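Engineer: Just so you know, the sequences run in chain order A and B. The working numbering applies: residue 1 is where the first sequence begins, and numbers increase by one. The working numbering applies: residue 163 is where the second sequence begins, and numbers increase by one. Virtual Cβ for every residue (Gly too), placed ideally from N, Cα, C. All figures in this text were calculated on a predicted structure; none of them were measured in a lab.
Protein chains: 2
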Amino acid sequence: MDTIGFQKHDHASCMRAALAAVEAYCAAHKLQFTPVRRRVLEILLARHRAMGAYEILDTLRDEGLGSQPPVAYRALDFLVNHGFAHKIEQLNAFIACTHPGEDHTPAFLICRNCDAVAEAHAEPSRGMLGRAASDTGFSIEQAVVEALGLCPNCRRGASACA
Amino acid sequence: MDTIGFQKHDHASCMRAALAAVEAYCAAHKLQFTPVRRRVLEILLARHRAMGAYEILDTLRDEGLGSQPPVAYRALDFLVNHGFAHKIEQLNAFIACTHPGEDHTPAFLICRNCDAVAEAHAEPSRGMLGRAASDTGFSIEQAVVEALGLCPNCRRGASACA
DNA sequence: GGTTGATATGTTATAGAGTTACATTTATCA
DNA sequence: TGATAAATGTAACTCTATAACATATCAACC
Chain A
1 MDTIGFQKHD HASCMRAALA AVEAYCAAHK LQFTPVRRRV LEILLARHRA
51 MGAYEILDTL RDEGLGSQPP VAYRALDFLV NHGFAHKIEQ LNAFIACTHP
101 GEDHTPAFLI CRNCDAVAEA HAEPSRGMLG RAASDTGFSI EQAVVEALGL
151 CPNCRRGASA CA
Chain B
163 MDTIGFQKHD HASCMRAALA AVEAYCAAHK LQFTPVRRRV LEILLARHRA
213 MGAYEILDTL RDEGLGSQPP VAYRALDFLV NHGFAHKIEQ LNAFIACTHP
263 GEDHTPAFLI CRNCDAVAEA HAEPSRGMLG RAASDTGFSI EQAVVEALGL
313 CPNCRRGASA CA
């Protein structure tokens with residue numbers, strides 16, 4: 001058990017499910033889910049938090065799967081491009097997607113105390129941003145929505161999360 | 163005249179107004195609006211687009227106002243902390259605020275073709291994100307909202323903007 | 001009006017994030 | 001099986017950002 005979306009859950013089965021979904025998606029779309037790509041996703045899923053590229057690279061290096069930055073960045077590019085992982089811009093870090101395969105615009109709630117990250121759903125075309133865009137004639141192709149604050153566990157005085 | 167929020171405007175007077183507002187705010191709040199800080203804000207206002215810290219630093223260096231990264235970063239920290247400038251996370255770049263002094267959560271529309279940036283208003287406590295936050299008990303303190311796409315000028319076939 | 005404590009600046013060095021370029025290998029598919 | 005495209009290995013480098021410490025400047029109080 002670990003923290004996801006600030007709640008407890010069965011980590012092993014959530015990891016298995018995500019990997020299975022990605023495998024299925026890759027098979028269906030003829031994408032190469034190579035050992036490095038799979039391993040990077042596994043690392044992100046296992047830690048279940050935002051990780052820097054070099055932190056991931058350290059793990060890869062320990063396992064003999066590649067030691068230079070491009071190895072990690074290329075795998076991350078693949079995962080991000082296909083929606084299997086997301087980049088948290090505020091942290092220059094990456095996190096596994098909680099529902100890979102589905103087309104979506106993620107929004108993140110990031111705890112500034114324990115670094116836990118929850119993925120929510122954004123709809124950039126609606127709300128303020130959508131209105132501002134359509135008012136000015138701007139066409140939104142991609143949106144980054146990230147909120148920084150305190151997660152429920154850390155609000156309850158406890159820094160005993162994470 | 164230049165491009166702001168994808169529209170033409172009187173650049174000189176917009177710059178004067180912003181500087182005056184910041185000066186007034188600093189006087190009222192006993193903040194030191196020092197030469198370096200002022201110059202960095204002027205540079206951002208003059209270019210009226212997102213600029214990297216090192217691009218700003220190059221200008222400072224040419225003027226003998228400091229040549230090392232911390233000089234630029236410290237000035238930018240001051241400007242960002244007090245809401246006189248904003249950081250565009252997706253670009254690792256900074257831009258002058260279009261309405262300094264007012265407490266607000268900015269949202270940005272970034273053109274991927276000409277790099278023009280328009281500042282809009284976000285209300286993180288409302289909409290999807292706010293609902294996701296209150297549902298889980300997360301308290302939002304700060305939000306980053308950035309949309310990438312095509313500005314009206316670039317949509318009209320013309321890459322003739324910026 | 002000088003002393004003190006806080007705030008701002010100058011400078012060196014280094015850490016962290018990401019890319020370019022090119023050689024080599026491994027898949028894919030005709 | 002041979003041609004082509006996709007993926008990996010590796011070295012070198014650029015860009016972004018911070019740590020640490022010395023010096024200078026400001027604010028304000030006796």
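Under a Cβ-count criterion, where at least 16 other Cβ atoms within 10 Å of its own Cβ denotes burial, should arginine 211 of chain B be classed as buried or exposed?
Structural biologist: With 16 or more other Cβ atoms within 10 Å, it is buried.
Engineer: In the DSSP assignment, find the alpha helix (DSSP H) that holds cysteine 154 of chain A and state where it starts and stops.
Structural biologist: Annotation for cysteine 154 of chain A: the continuous alpha helix (DSSP H) segment containing it runs 152-155.
Engineer: Check the Cβ-Cβ distances between proline 35 of chain A and every residue of chain B, and say whether any is below 8 Å.
Structural biologist: no
Engineer: Tell me whether the beta-carbon of alanine 280 of chain B lies closer than 8 Å to the beta-carbon of threonine 136 of chain A.
Structural biologist: yes
Engineer: Jot down the residue ranges of each uninterrupted beta strand (DSSP E) in the segment 7-55 of chain A, minimum 3 residues, whole runs only, in chain order.
Structural biologist: Entirely contained in the segment 7-55 of chain A, the beta strand (DSSP E) runs reaching 3 residues are, in chain order, 7-9.
Engineer: Below 8 Å on the Cβ atoms is my guess for phenylalanine 94 of chain A versus alanine 53 of chain A; work out the distance and round it to an integer in Å.
Structural biologist: 7 Å
Engineer: Mind checking if methionine 51 of chain A is an interface residue toward chain B, Cβ cutoff 8 Å exclusive?
Structural biologist: no
Engineer: Please check if any C-beta of chain A sits within less than 8 Å of the C-beta of proline 231 of chain B.
Structural biologist: no
Engineer: So if DSSP puts glutamine 142 of chain A in a beta bridge, which residue, or which two residues, is it bridged to?
Structural biologist: B/Leu310
Engineer: Please list the residues of the segment 96-125 of chain A that have a C-beta atom closer than 8 Å to any C-beta atom in chain B, keeping them in chain order.
Structural biologist: Ala107, Leu109, Cys111, Arg112, Ala118, Ala120, His121, Ala122, Glu123 and Pro124
Engineer: If you draw a straight line from the alpha carbon of histidine 9 of chain A to that of phenylalanine 108 of chain A, how long is it in whole angstroms?
Structural biologist: Their backbone Cα atoms lie some 19 Å apart in a straight line.
Engineer: Find the nearest neighbour of glutamate 225 of chain B within the set B/Val242, B/Cys176 and B/Ile205, judged by alpha-carbon distance.
Structural biologist: B/Ile205
Engineer: Quick one, which residues of the segment 77-89 of chain A are near chain B if we go by CB-CB under 7 Å, in chain order?
Structural biologist: Glu89
Engineer: In the structure shown, what three-state DSSP assignment does phenylalanine 84 of chain A receive?
Structural biologist: coil
Engineer: Taking only beta-carbon positions, decide if glutamine 194 of chain B is within less than 8 Å of chain A.
Structural biologist: no
Engineer: For the segment 285-309 of chain B, enumerate the residues whose C-beta is nearer than 8 Å to any C-beta of chain A, in chain order.
Structural biologist: Residues passing the 8 Å Cβ filter: Glu285, Pro286, Arg288, Gly289, Met290, Leu291, Ala294, Ala295, Thr298, Gly299, Phe300, Ser301, Ile302, Glu303, Gln304, Ala305, Val306, Val307, Glu308 and Ala309.
Engineer: For arginine 126 of chain A, does the count of other Cβ atoms within 10 angstroms reach 16, so buried, or fall short, so exposed?
Structural biologist: Arginine 126 of chain A is exposed by the Cβ-count criterion.
Engineer: Given a cut-off of 8 Å on the beta-carbon distance, is the pair arginine 201 of chain B and leucine 241 of chain B in contact?
Structural biologist: no
Engineer: Return no unless some Cβ of chain B is closer than 8 Å to the Cβ of phenylalanine 6 of chain A.
Structural biologist: Using a CB distance cut-off of 8 Å, phenylalanine 6 of chain A counts as an interface residue toward chain B.
Engineer: Which residue or residues does DSSP assign as beta-bridge partners of proline 106 of chain A?
Structural biologist: According to DSSP, which records beta bridges pairwise, proline 106 of chain A is partnered with A/His121.
Engineer: With distances taken from CA atoms, which of B/Phe168, B/Thr221, B/Val306 and B/His173 is nearest histidine 266 of chain B?
Structural biologist: The residue with the shortest Cα to Cα distance from histidine 266 of chain B is B/Val306.
Engineer: Just confirm the distance between the C-beta atoms of glycine 149 of chain A and isoleucine 302 of chain B, as a whole number of angstroms; I'd bet it's less than 8 Å.
Structural biologist: 4 Å
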